[in-house]
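Protein chains: 2
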Amino acid sequence: MTDHFSFTVNATDGAARTGEIRMPRGVIRTPAFMPVGTAATVKAMYPEQVKALGADVVLGNVYHLMLRPGAERVASLGGLHAFMNWPYPILTDSGGFQVMSLSALRKIDEEGVTFQSHIDGSTHSLTPERSIEIQGLLGSDIQMQLDECVKLPNSEEAVEKAMRLSLRWAERCRVAFGEQPGRAMFGIVQGGAVERLRVESARALVDLDLKGYAIGGLAVGEPQEVMLRMIETVEPHLPREKPRYLMGVGTPDDIVESVRRGVDMFDCVMPTRAGRHGTAYTRFGRLNLKNAKWADDPTPLDPASACEATRSYSKAYLHHLVRSQEILGMMLLTWSNLAYYQELMAGLRKAIAEKRLEDFVAETKEGWARGVRDGEAEPVGKVES
Amino acid sequence: MTDHFSFTVNATDGAARTGEIRMPRGVIRTPAFMPVGTAATVKAMYPEQVKALGADVVLGNVYHLMLRPGAERVASLGGLHAFMNWPYPILTDSGGFQVMSLSALRKIDEEGVTFQSHIDGSTHSLTPERSIEIQGLLGSDIQMQLDECVKLPNSEEAVEKAMRLSLRWAERCRVAFGEQPGRAMFGIVQGGAVERLRVESARALVDLDLKGYAIGGLAVGEPQEVMLRMIETVEPHLPREKPRYLMGVGTPDDIVESVRRGVDMFDCVMPTRAGRHGTAYTRFGRLNLKNAKWADDPTPLDPASACEATRSYSKAYLHHLVRSQEILGMMLLTWSNLAYYQELMAGLRKAIAEKRLEDFVAETKEGWARGVRDGEAEPVGKVES
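Laid out in structure tokens, this is it:
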């Protein structure tokens, strides 16, 4: 095992890349999908299951963890890895995005953001320095800069203002992070749907010579084509030798299209959240198990899956569990969805290595389309309510 | 594997016995604790976990399953074993107890009971014959007679009336069940807290020559001493060569005391329900993980446990999960509780086989008392709210 952070691109196919991030806690095979472990748990999953599916890294949320159980408490208990029984790499977000989306009474100024907890109304503040401090207390392997993420659509002025503030915060985070050989801090490209601002943000962050670059502020409700255009806009300005992380994305189709455009890392609550709400993602598209049409269906989600949940339980049983609001329904569908996401990533990595990505993408989309044609599934790109 | 139902007592120690029920679907080691799989799932557990803990049989509830997904549907899907991925023995209750406790607008007469579903208000009826038919459709290995279970305390007249009705229903269930070599139907001794009625019920059921005998209508709020006295009253009248099942019991202390008095089988929602509500049962007593005193405790519930959930997660982490209402908290505590219950049963079986049951009971109670003395735990006999 290595004692420092490194990234190697092993193969490319068009703009797509496959490679490895090496860190003291393990190797992250890219393109990678990172299951979201919001409050120190990937919801409804035992950590060893998450690893067994092929996830090399999970995401933790600073906003949730700073409020409960608290970063200092996690540190005193040995760090987030020990706390949640996940000895492999952890990436943490900076807290900024969830402060905007979950907390009340936010006040943003040059210094940072002040907000009230959605749990108990208590007042907290988050500065670039405090965000990095918290991520350090948690023991995070890949830490994200604090940024301001504005809602889209928004005025170009507001988007530009937030992008410039985020750049100044990136610099402060870089200083606060300092040198930590086994860990990395990533910057976040902002700029909304404005190409000029995206390019400026990317160039300025690259000047900071960070370990990796995220594209933030996307998948916040804009059409997929806007998101993909922003990736295409930013990609040429990011160094080839650094990992690229598209934050909060996405559907299987979003992931496939983003990998084609050179993205290396993804995180999204979709497979876990959808699993808790009765939706399955499979090779044959997206299925709503709540639907009465599954009540008498003895077939599993995918008899050829390597995942026990996908292969060994009938749709009729999953339908029954979902209708009965049984915890096992959430457990099985979360498990199956994460398995499908990891299977998709493994397929993408293999296809890139074999220089047959376009064929793989076509086969994958044909599988989803077949499910829709057979009346079994809905398009995978559609976001569930 | 055998093709018929049999029970063998392998060893005794005082009134306590250890033995084996053999059936086509597997061997049930007694004394046995049967996890409750209400709606075709032991809540928050994968079926293979339940088996791995040492559970040889699970319980299914006719009331829940007849309402959703429906007995005929389960039959058309291949039976309850296939439906819920549990190929081992299943015992089903008759539905009577939960009709009384969960449904609205009950009408009981000689023929059976009519009631409204708690799910959608639809009207259903359950007769002795229909209960056995449903249990057959489910494919249940051990089926229970329909009985009328009255609340305690109650008038002797009401208790006697219900006991006599239950006896007539036992006879009708016996006829409806007929001869099913690989399966068994058990009768249920009723009679409230009235010794005379309990004895009469037991004797009349024994005259029916059933495959096993349950003691019903206990653990419904009466003091433990009343329950134990009723077991002592009934036990001499039950045949030594048939299994004895104390329905709906109980706390670890209830189980230990009942095993001492000759009971072979138990079921109870306590370990699973308590697990979903933040309570752990361990060798050191009962712990409420919601309590703030665990917030900084890095120690696991029991470092010597064979169960991963009990051994590998800190109390601080479990506390965090419970406070955050995370599904993983329910999963880990349910797992740990069922592990402790199965560990206790294995300990009881071994102690009886080695004729050291009283020593084992004393050691077990000393463990619980030590937890209470150390301020770590609450008495295990106390029923959580």
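Top line first, the protein sequences correspond to chains C and E. Heads up: the first sequence runs through residues 1 to 385, numbered per UniProt numbering. Heads up: the second sequence runs through residues 1 to 385, numbered per UniProt numbering. Virtual Cβ for every residue (Gly too), placed ideally from N, Cα, C.
Taking the Cα positions, TYR88 of chain C is about 5 Å away from ARG25 of chain C.
In chain E, no part has a C-beta under 7 Å from the C-beta of TYR63 of chain C; the shortest such distance is about 13 Å. Between ARG172 of chain C and PRO128 of chain C, the C-beta spacing is below 8 Å.
Between ALA214 of chain E and TYR245 of chain E, the CB-CB gap stays under 8 Å. Setting aside the 5 residues that flank it on each side, MET345 of chain C is surrounded in the same chain by PRO31, ALA32, PHE33, each with a C-beta closer than 7 Å to its C-beta; the list follows chain order. In this structure, the beta-carbon distance from LEU289 of chain E to LEU328 of chain E does not fall below 8 Å. In chain order, ALA39, THR41, LYS43 make up the part of chain C whose C-beta sits under 7 Å from the C-beta of GLU326 of chain E. Around the C-beta of ARG130 of chain E, 16 or more other C-beta atoms lie within 10 Å, and the residue is accordingly described as buried.
The Cβ-Cβ distance between SER258 of chain E and VAL249 of chain E falls below 8 Å. In the DSSP assignment, LEU91 of chain E forms a beta bridge with E:LEU59, E:ILE142. Below the 9 Å Cβ cutoff, chain E contributes no neighbours of TYR281 of chain C, its closest Cβ being approximately 19 Å away. Within the model, the alpha-carbon separation for PRO236 of chain C versus ALA295 of chain E is close to 48 Å.
Annotation: Cβ neighbours of ASP296 of chain E in chain C (cutoff 8 Å, chain order): ARG73, SER76, LEU77. Under the rule that a run must span 3 or more residues, the beta strand (DSSP E) segments found entirely inside the stretch 259 to 327 of chain E read 265 to 267, 279 to 282, 285 to 288.
For GLU222 of chain E, same chain residues with a beta-carbon under 7 Å away, outside a window of 5 residues either side, are LEU152, ALA193 in chain order. When 9 Å is used as the limit between beta carbons, SER312 of chain E is near these residues of chain C: ASN85, in chain order. The Cβ atoms of ARG261 of chain E and ALA15 of chain E lie closer than 8 Å to each other.
Any Cβ of chain E closer than 8 Å to the Cβ of MET34 of chain C would place that residue at the interface, and such an atom is absent. Around the C-beta of GLN325 of chain E, fewer than 16 other C-beta atoms lie within 10 Å, and the residue is accordingly described as exposed. Burial state of LEU287 of chain E is buried, judged by a 10 Å Cβ sphere holding 16 or more other Cβ atoms.
The stretch 360 to 372 of chain E makes no contact with the stretch 55 to 73 of chain E; the number of CB pairs closer than 8 Å stays below 3. LEU67 of chain C is a Cβ neighbour of ILE119 of chain C, given a cutoff of 8 Å. Look at the stretch 187 to 198 of chain C: it has no residue with a C-beta under 7 Å from a C-beta of chain E. Two segments are said to touch when three or more pairs of C-beta atoms, one from each, lie closer than 8 Å; by this definition the stretch 32 to 47 of chain E does not touch the stretch 263 to 282 of chain C. Contact annotation: ASP13 of chain E and LYS355 of chain E have beta-carbon atoms nearer than 8 Å. Beta bridge pairing from DSSP links MET185 of chain E with E:GLN143.
HIS277 of chain E is outside the set of residues whose beta carbon lies under 8 Å from a beta carbon in chain C. Rounded to the nearest angstrom, the gap between the Cα atoms of ASP3 of chain E and GLY70 of chain E is 28 Å.
In this structure, the beta-carbon distance from GLU343 of chain C to GLY285 of chain C does not fall below 8 Å. A straight-line Cα-Cα distance of about 25 Å links PHE97 of chain E and PRO47 of chain E. Where GLY250 of chain C is concerned, there is no enclosing alpha helix (DSSP H), because DSSP gives it neither an H nor an E.
For ALA316 of chain E, the chain C residues whose Cβ falls inside 7 Å of its Cβ are LEU77, in order along the chain.
Within the same chain, VAL62, MET66, ALA71 come within 6 Å of ILE134 of chain C by CB-CB distance, once the 5 residues on both sides are set aside.
In chain C, no part has a C-beta under 8 Å from the C-beta of MET230 of chain E; the shortest such distance is about 34 Å.
In the structure shown, the three-state DSSP call for ASP359 of chain C is helix.
Closest option to ILE90 of chain E, judged by alpha-carbon separation, among E:ASN337, E:ASP302, E:GLY79: E:GLY79.
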